[in-house]
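One structure is given below, encoded as structure tokens.
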Amino acid sequence: MAVTLPKLDQQIPSGPGGVEIAGFPQILHTRSFGHPDLLFIPLLEGAREAVNLCERLTTGGETREHAATMSGIQLVSGLLKDSSFSLSARGLQEEHFYFVDLAAGTISVKTRLYAEVSRRTSMFKVEIAGNIRDGIYAVRSVGDSSASLQFDEQQVRQPMFFSTILAEQCLRLKVQQDQSRGMGATPAAPDTTEMHLMVPVANRKIPVVLKQKELNGEWEILEAQLRTRIGELSPDATNHLQLLLAGLSTILAAVPGSASTVPAPSPSLVGAAKDSSRP
Amino acid sequence: MEKKLKLEPSRAAESAGTGHTQRRERRYPFLIPIEVSGIDRGGQPFCENTLTSDVSARGCRFLLQKELEKDAIVAIRVLRTLSGQPGDSRLVMFQIIYIRQDPGGWTMGAWTLQPDVAWCSDIPREPDQER
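If you read the protein sequences in the order shown, they are chains A and B.
All letters in the first sequence, in the order written, are residues 1 to 279 by my numbering.
All letters in the second sequence, in the order written, are residues 280 to 410 by my numbering.
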């Protein structure tokens, strides 16, 4: 099995990178295929085949250790078929660094992104991590443990995803966060009632939005970055939320000057934070 | 009178026509049972038991029925030591650095990817390894 790499194209960013496969004693270094726009998807597909081999061997009676070793060898051999790849000792600082754990079924890459949005340019280091078998990929700033963005595999497969779409999304999010910090409010669409939460799930924090429908007052749950609908609050949870908001409203009403930062809530939306940061 | 087999390590450098590397380590003509596993030329996993024809601290030579590609990665496990004791169960990664077709199969030279690991306990430690 060879890992099928795309042809180098002047429009696609290229550069050196490293791939570490858990349990393998050396690093695979590439001179030119390091950028995630070139390597992430081929590596994911190679890793997926390797995971399948690992499961096949385990089912056939191999020990877990031997099966993991064989699947690692398959992935390494596939990459080494491309002359851009060579084995090297650990310790090199790579601009794009991939880590594949076939036993755990995970893949991640630490990379630098560069973007320009609304006359603001920025370069930042992010880590993209997810599951090899069925990908939801979380993107977080290196050095900051909270998840900042999430994408599915279909989105990641878009051409130039990392260098354009993801880089811009990261920068937009950073601009939003900076604005929110500056104004002391959470950004939201105008004239909507929303609550932004970071929900701890396992070792991650997933950003979600609770948004109240104008029609019937029910609360929808949205994924925060792409604003895709996850579900809606049950009547019990809605009652709890209304109690919480009423309590907050009472507290805020007693705080001097709070009316200047939090707009007056409508009677049906007691205490919900409305966006005041946009016209 | 008991005839003792004298094991003289060879110091011959070997290029084997690959231009890849020259082994200048001491090589010992030890016939050690090993298990070699990896991915064959057709992309299929294999596992084959064989004997080394010579060994060194960082490499070994053996005969396989499977044909592999040059630079292929294999995992080698020592099955028994020269004294007949079971080998440790550890898998050590090697890279195939030369291949030659022989009447009995394919003779291969392999070089360890884990130079810090003593892959075979029968190989005497050389002065530069003793620290």
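We put the CB at the ideal spot given by N, CA and C, even for glycine.
Predicted model only: the values in this text are computed from it and were never measured.
Neighbouring residues, chain B, relative to residue i (Cβ below 9 Å)
i, result
"Ile73 of chain A", "Ser316, Gly317, Ile318, Pro324, Ala351, Ile352, Val353, Ala354 and Met372"
"Pro159 of chain A", "Those do not exist, as Pro159 of chain A stays about 28 Å from chain B at its closest Cβ, beyond 9 Å."
"Phe24 of chain A", "Ile352, Met372 and Leu392"
"Val318 of chain A", "Outside the displayed span of chain A (1 to 279) sits residue 318 of chain A, for which this structure offers no information."
Best match in the options for proximity to residue i [C-alpha to C-alpha]
i, options, result
"Gly91 of chain A", "A:Ala47, A:Val19, A:Val156 and A:Leu243", "A:Val19"
"Ile12 of chain A", "A:Ile107, A:Phe97, A:Leu43 and A:Phe161", "A:Phe161"
"Gln323 of chain B", "B:Asp401, B:Lys345 and B:Arg303", "B:Lys345"
"Ser86 of chain A", "A:Gln93, A:Arg64, A:Ile27 and A:Glu220", "A:Ile27"
"Leu241 of chain A", "A:Arg172, A:Asp37, A:Gly78 and A:Gln212", "A:Gln212"
"Gly317 of chain B", "A:Thr69, A:Glu45, A:Arg64 and A:Arg31", "A:Thr69"
"Gly135 of chain A", "A:Val126, A:Pro16 and A:Ile107", "A:Ile107"
"Arg204 of chain A", "A:Ser32, A:Arg31, A:Ala47 and A:Tyr137", "A:Tyr137"
"Gln177 of chain A", "A:Arg119, A:Leu149 and A:Ile251", "A:Leu149"
"Ser122 of chain A", "A:Gln93, A:Gly130 and A:Leu173", "A:Leu173"
"Leu210 of chain A", "A:Glu95, A:Lys81 and A:Ser234", "A:Ser234"
"Ala89 of chain A", "A:Ser83, A:Phe124, A:Ile41 and A:His29", "A:His29"
"Ile73 of chain A", "A:His96, A:Phe40, A:Arg31 and A:Leu102", "A:Leu102"
"Ile355 of chain B", "B:Asp401, B:Trp385, B:Leu361 and B:Gln374", "B:Gln374"
"Glu45 of chain A", "A:Ile251, A:Asp236, A:Ser249 and A:Val156", "A:Val156"
"Glu49 of chain A", "A:Glu153, A:Glu232, A:Arg133 and A:Leu39", "A:Arg133"
"Val334 of chain B", "B:Thr360, B:Lys349 and B:Phe325", "B:Thr360"
"His35 of chain A", "A:Arg56, A:Pro159, A:Gly247 and A:Leu248", "A:Pro159"
"Val371 of chain B", "B:Ala389, B:Phe325 and B:Arg404", "B:Ala389"
"Lys81 of chain A", "B:Gly363, B:Lys349 and B:Ser400", "B:Lys349"
"Val353 of chain B", "B:Arg404, B:Ser368, B:Gln380 and B:Glu327", "B:Glu327"
"Leu330 of chain B", "B:Arg404, B:Pro312 and B:Arg369", "B:Pro312"
"His66 of chain A", "B:Ser332, B:Ser368 and B:Gln364", "B:Ser368"
Contacts of residue i in chain A (Cβ-Cβ under 9 Å)
i, result
"Leu358 of chain B", "Ordered by position in chain A, no residue passes the 9 Å Cβ test against Leu358 of chain B, which lies about 14 Å from the chain."
Simplified DSSP state of residue i, which is helix, strand or coil
i, result
"Asp395 of chain B", "coil"
"Pro190 of chain A", "Bear in mind that the predicted position of Pro190 of chain A carries a pLDDT of just 48, short of 50, making it unreliable; the figure below should be weighed with that in mind. DSSP places Pro190 of chain A in coil when its eight states are reduced to three."
"Leu5 of chain A", "coil"
"Gly60 of chain A", "coil"
"Leu222 of chain A", "strand"
"Pro235 of chain A", "helix"
"Met198 of chain A", "strand"
"Gly17 of chain A", "strand"
"Val315 of chain B", "strand"
"Ala389 of chain B", "strand"
"Pro365 of chain B", "strand"
"Glu327 of chain B", "strand"
"Leu230 of chain A", "Per the sequence presented here, residue 230 of chain A reads as Ile, with Leu not at that position. If DSSP states are grouped into helix, strand and coil, Ile230 of chain A belongs with the strands."
"Ser400 of chain B", "coil"
"Asp37 of chain A", "helix"
"Thr300 of chain B", "The pLDDT assigned to Thr300 of chain B is 48, lower than 50, so where the model puts this residue is not dependable; a value taken from the coordinates is nonetheless given after this. Three-state result, Thr300 of chain B: coil."
"Glu409 of chain B", "At Glu409 of chain B the pLDDT is 48, less than 50, meaning the model places this residue with poor confidence and gives no usable figure here."
"Met160 of chain A", "coil"
"Ala22 of chain A", "coil"
"Ile12 of chain A", "coil"
"Lys349 of chain B", "coil"
"Leu358 of chain B", "coil"
"Lys213 of chain A", "coil"
"Gly384 of chain B", "strand"
"Ser71 of chain A", "helix"
"Val255 of chain A", "coil"
"Leu370 of chain B", "coil"
"Pro42 of chain A", "helix"
"Gln150 of chain A", "strand"
"Gly321 of chain B", "coil"
Whole-Å CB distance - residue i paired with residue j, under 8 Å assumed
i, j, result
"Arg320 of chain B", "Leu347 of chain B", "6 Å"
"Val3 of chain A", "Leu53 of chain A", "Wrong, their Cβ atoms sit about 14 Å apart, outside the cutoff."
"Ala22 of chain A", "Val109 of chain A", "That belief does not hold up - the Cβ atoms of Ala22 of chain A and Val109 of chain A are roughly 14 Å apart, past 8 Å."
"Arg120 of chain A", "Leu171 of chain A", "7 Å"
"Ala351 of chain B", "Ser77 of chain A", "6 Å"
"Pro16 of chain A", "Leu392 of chain B", "The Cβ separation is near 21 Å, so there is no contact."
"Arg337 of chain B", "Glu304 of chain B", "6 Å"
"Val208 of chain A", "Leu197 of chain A", "5 Å"
"Gly105 of chain A", "Val51 of chain A", "6 Å"
"Leu38 of chain A", "Leu75 of chain A", "Not a contact, Cβ separation roughly 17 Å."
"Met387 of chain B", "Leu358 of chain B", "So it is not a contact: roughly 17 Å between Cβ atoms."
Residues that residue i contacts on chain B, provided the C-beta gap is smaller than 8 Å
i, result
"Leu87 of chain A", "Gln374 and Leu392"
"Val76 of chain A", "Ile352"
"Leu166 of chain A", "Chain B residues near Leu166 of chain A: none, gap ~33 Å exceeds 8 Å."
"Leu53 of chain A", "Pro324"
7 Å Cβ cut-off: residues of chain B touching residue i
i, result
"Thr106 of chain A", "Under the 7 Å cutoff, chain B gives no residues; its nearest Cβ is about 21 Å from Thr106 of chain A."
"Thr69 of chain A", "Ala354 and Leu370"
"Leu57 of chain A", "Pro324"
"Leu80 of chain A", "Asp350"
* Fully enclosed by the region 74–142 of chain A, which beta strand (DSSP E) runs are 3 residues long or longer? -> 85–88, 97–101, 106–117, 120–131 and 136–141
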